[in-house]
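Chains as they are written, first to last, in our numbering: chain A, 846 to 1461; chain B, 7 to 244. This report refers to the structure that appears directly beneath it.
Shown next, in the form of structure tokens:
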């Protein structure tokens, strides 16, 4: 009889997920070792779900001592190899979007009887501070019991760790004993090593109960509002002041109430708005603009969030009805005009910040419906004075359009997934932007000291978030430099100054054995690529080409699978080497209809064409 | 805490101590005309029941009633109020704060320069000691700059000396400590026995300070200060 760890002839010896986080930059290695115990060749597959914000940097597959590495190439180059694979009737996409936060990397290979295989996937990401915490998210879903299953996370934060927690959705009392989490000073550690028996979904079951989300959250000490770290000529500057009063805000909610919002969507939207109204502060101003075929406003001007007005606002929200078509342009233009007029007429406090939150579930189909024209109208009306946040509810909408329009106007777009918690998603988004502590934030460095800095000006700094700027030191012999962060607070103008002793800072970090040497350079590259890709969405022509070229060069240099690159994985199959391609799926694109390579491999080529997930 | 009063007209200085219980709040400066007042709360050493326990300022409160502004400085943090809204900083910040009628520069772990209105400035120095010292802990120092910009009505333990003061010292004679002669001082129509000594000015060197020779007035500045030192005890930092 075969042990419980053998399923369909395949035994998985071990799966180890090791995460090393240094200054918010996470380097994750997932290694699985398996053997084919069957008498015949078997397919062994390896699935990893990784955050959408992560970049894959490496994948290798070792079969009986022979290693098959993945090579990261320019997408066009990889595509030629991909086309070849497709012409042979096989889809080659290795990565596809998976749920809200994740994308799924899948590879499978035929392994001869008795052969062993090791898969190793490495990906990296910069953990973002969100509502006061950094979060590292791991999806755990082994297909069978594993002899040695292990998650190890080592966190090193030069500012010192102030809190650390780890939890899993599949946690039981028994498993709690094998989850250890500890932190002291600059180091934190999380370990999770369930035994074989602890993995069983019931006492005699051969199925695994490890199925769900494993989340590590932590934060760092913030005695000082800023922290600058330097390694090998690259620096990163983290800025997150605390205990500042919240800048009053003027919010216009521009809500789609067209016929498609009928039913649960509108119910959830109302619930979210009612909750948001409860959280409004008395210093804030607000209004609601509803758009369908026409535009309806709650009040003609912005209204102070007094208890009486909020009560009236709630009554208004409760009575919102769906009707008609989708006139995005007029809804937005009305909201922008209202904010501009309020500022001009000094209706709103001088020290306050304005924003528009637009929610829609569809495409513009009445009034001005040309997306380019809507973008132009909005851009010209806002003139960079305040941000526009676009929430796209569901999938029947042009998300690219919403994202582009938001980015053009210093905001961002967020998809609201149609689900039971859609109201919570909307509230969650509002919570992120509800507490601006600083506006017009600019991070300044001496011009001759540094180069290649990432974005250094932000319209807002929100409570619980963090501004991260990275760059390169021009002068390697530089002893010190000063970083100034200027911003307008609720009551005053603030200039935070950070004196950086280059040699001391570098020496202090190098002494830490936790650090993988070039992490700040990689963090800088990661951030630069992300920002170049974002900027690229807003421009055309030569500028777009330049940004693309820069992002591509960095992606190739630092071996990141980004929307501009692909990783080609060469697999031995029946003595013929075949290739598969790992690409990065994009949020704005429709969900690809491809099946994963693993599923596809044993089937005849279907009649339907396959779609390639392409960054362009 | 010790007080040093520089008297430029005499190219000399006067000094005195105020010995009060930890927790007591003293009115240091009060100018009804500009609306500015500063108070300081006394802290003692870490160990109680120490003979001749030294006391320091551990908390300072600055108020500008005209601008509806309050600043509280402790050895841990700096809190700024405008009306009911507050902003907090720690001594780990280097930050310049500007708002109508106020400029506040915090220099990380060193000092704070507060400028109010038309240029009245105060410097608050953080004296840090090694945290494992058995007796001492961090304390604060207050220095005034441009005190002539305060009105003639300014009073308080320090504020009363913003106006010119005249004194005369005579009959210098050996004191109980051979290195510190005693003398007789005529000031504010009082005849006092004073002792030549030194006190430390920490503005330039917060760690070691620089020694300032001064005439020391005994008994909590009795005779030099208007009234008794207990007249300056107030109930609250603001």
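Beta carbons are placed, not taken as given, at the ideal position from N, Cα and C, and that holds for glycine.
Coarse secondary structure for residue i, derived from DSSP in three states
{"i": "residue 1165 of chain A", "result": "coil"}
{"i": "residue 1021 of chain A", "result": "helix"}
{"i": "residue 1114 of chain A", "result": "helix"}
{"i": "residue 1280 of chain A", "result": "coil"}
{"i": "residue 1319 of chain A", "result": "coil"}
{"i": "residue 24 of chain B", "result": "coil"}
{"i": "residue 1080 of chain A", "result": "strand"}
{"i": "residue 156 of chain B", "result": "coil"}
{"i": "residue 71 of chain B", "result": "coil"}
{"i": "residue 955 of chain A", "result": "strand"}
{"i": "residue 1369 of chain A", "result": "helix"}
{"i": "residue 1005 of chain A", "result": "coil"}
{"i": "residue 62 of chain B", "result": "strand"}
{"i": "residue 1220 of chain A", "result": "helix"}
{"i": "residue 1299 of chain A", "result": "coil"}
{"i": "residue 1438 of chain A", "result": "Any reading at residue 1438 of chain A is ruled out, since the residue's pLDDT is 33, under 50, leaving its predicted position unreliable."}
Spatial distance of residue i from residue j (CA atoms)
{"i": "residue 90 of chain B", "j": "residue 75 of chain B", "result": "9 Å"}
{"i": "residue 1288 of chain A", "j": "residue 1081 of chain A", "result": "12 Å"}
{"i": "residue 1397 of chain A", "j": "residue 851 of chain A", "result": "43 Å"}
{"i": "residue 909 of chain A", "j": "residue 960 of chain A", "result": "6 Å"}
{"i": "residue 95 of chain B", "j": "residue 1354 of chain A", "result": "27 Å"}
{"i": "residue 1138 of chain A", "j": "residue 973 of chain A", "result": "39 Å"}
{"i": "residue 136 of chain B", "j": "residue 52 of chain B", "result": "12 Å"}
{"i": "residue 1269 of chain A", "j": "residue 1123 of chain A", "result": "14 Å"}
{"i": "residue 205 of chain B", "j": "residue 230 of chain B", "result": "17 Å"}
{"i": "residue 1303 of chain A", "j": "residue 1286 of chain A", "result": "5 Å"}
{"i": "residue 875 of chain A", "j": "residue 1051 of chain A", "result": "23 Å"}
{"i": "residue 906 of chain A", "j": "residue 1097 of chain A", "result": "53 Å"}
{"i": "residue 102 of chain B", "j": "residue 147 of chain B", "result": "20 Å"}
{"i": "residue 1023 of chain A", "j": "residue 1059 of chain A", "result": "14 Å"}
{"i": "residue 207 of chain B", "j": "residue 1189 of chain A", "result": "52 Å"}
{"i": "residue 1345 of chain A", "j": "residue 988 of chain A", "result": "50 Å"}
{"i": "residue 100 of chain B", "j": "residue 9 of chain B", "result": "28 Å"}
Distance CB(residue i)-CB(residue j) smaller than 8 Å
{"i": "residue 1233 of chain A", "j": "residue 1261 of chain A", "result": "no"}
{"i": "residue 1368 of chain A", "j": "residue 1408 of chain A", "result": "no"}
{"i": "residue 223 of chain B", "j": "residue 22 of chain B", "result": "yes"}
{"i": "residue 964 of chain A", "j": "residue 891 of chain A", "result": "yes"}
{"i": "residue 37 of chain B", "j": "residue 157 of chain B", "result": "yes"}
{"i": "residue 117 of chain B", "j": "residue 130 of chain B", "result": "yes"}
{"i": "residue 1129 of chain A", "j": "residue 1093 of chain A", "result": "yes"}
{"i": "residue 1219 of chain A", "j": "residue 1228 of chain A", "result": "no"}
{"i": "residue 1413 of chain A", "j": "residue 916 of chain A", "result": "yes"}
{"i": "residue 1149 of chain A", "j": "residue 1115 of chain A", "result": "no"}
{"i": "residue 1085 of chain A", "j": "residue 1311 of chain A", "result": "yes"}
{"i": "residue 1134 of chain A", "j": "residue 1099 of chain A", "result": "yes"}
{"i": "residue 1295 of chain A", "j": "residue 1317 of chain A", "result": "yes"}
Burial state of residue i, where buried means 16 or more other Cβ atoms lie within 10 Å
{"i": "residue 105 of chain B", "result": "buried"}
{"i": "residue 1399 of chain A", "result": "buried"}
{"i": "residue 1339 of chain A", "result": "buried"}
{"i": "residue 1207 of chain A", "result": "buried"}
{"i": "residue 169 of chain B", "result": "exposed"}
{"i": "residue 1018 of chain A", "result": "exposed"}
{"i": "residue 1429 of chain A", "result": "buried"}
{"i": "residue 220 of chain B", "result": "buried"}
{"i": "residue 1351 of chain A", "result": "buried"}
{"i": "residue 17 of chain B", "result": "exposed"}
{"i": "residue 141 of chain B", "result": "exposed"}
Would you say the segment 1238 to 1251 of chain A touches the segment 1085 to 1095 of chain A, given that touching needs at least three Cβ pairs under 8 Å?
Fewer than three Cβ pairs drawn from the segment 1238 to 1251 of chain A and the segment 1085 to 1095 of chain A lie within less than 8 Å of each other, which leaves the two stretches out of contact.
Per the contact definition of three or more C-beta pairs closer than 8 Å, is the segment 1038 to 1051 of chain A in contact with the segment 963 to 975 of chain A?
no
Quick check: the segment 1098 to 1112 of chain A against the segment 1067 to 1075 of chain A, are at least 3 beta-carbon pairs closer than 8 Å?
no
Are there three or more Cβ pairs, one per stretch, closer than 8 Å when the segment 1170 to 1177 of chain A is compared with the segment 1199 to 1216 of chain A?
A contact exists between the segment 1170 to 1177 of chain A and the segment 1199 to 1216 of chain A.
Using 8 Å as the threshold, is the segment 854 to 871 of chain A in touch with the segment 882 to 891 of chain A, meaning 3 or more CB pairs across them?
yes
Three or more beta-carbon pairs under 8 Å between the segment 170 to 188 of chain B and the segment 60 to 68 of chain B, yes or no?
no
Do the segment 1268 to 1283 of chain A and the segment 1111 to 1123 of chain A touch if we need at least three Cβ pairs shorter than 8 Å?
yes
Would you say the segment 24 to 44 of chain B touches the segment 194 to 212 of chain B, given that touching needs at least three Cβ pairs under 8 Å?
no
Does the segment 1030 to 1037 of chain A come close enough to the segment 993 to 1010 of chain A to have 3 or more Cβ pairs within less than 8 Å?
Contact check between the segment 1030 to 1037 of chain A and the segment 993 to 1010 of chain A: three or more CB pairs, one atom from each, fall below 8 Å, which counts as touching.
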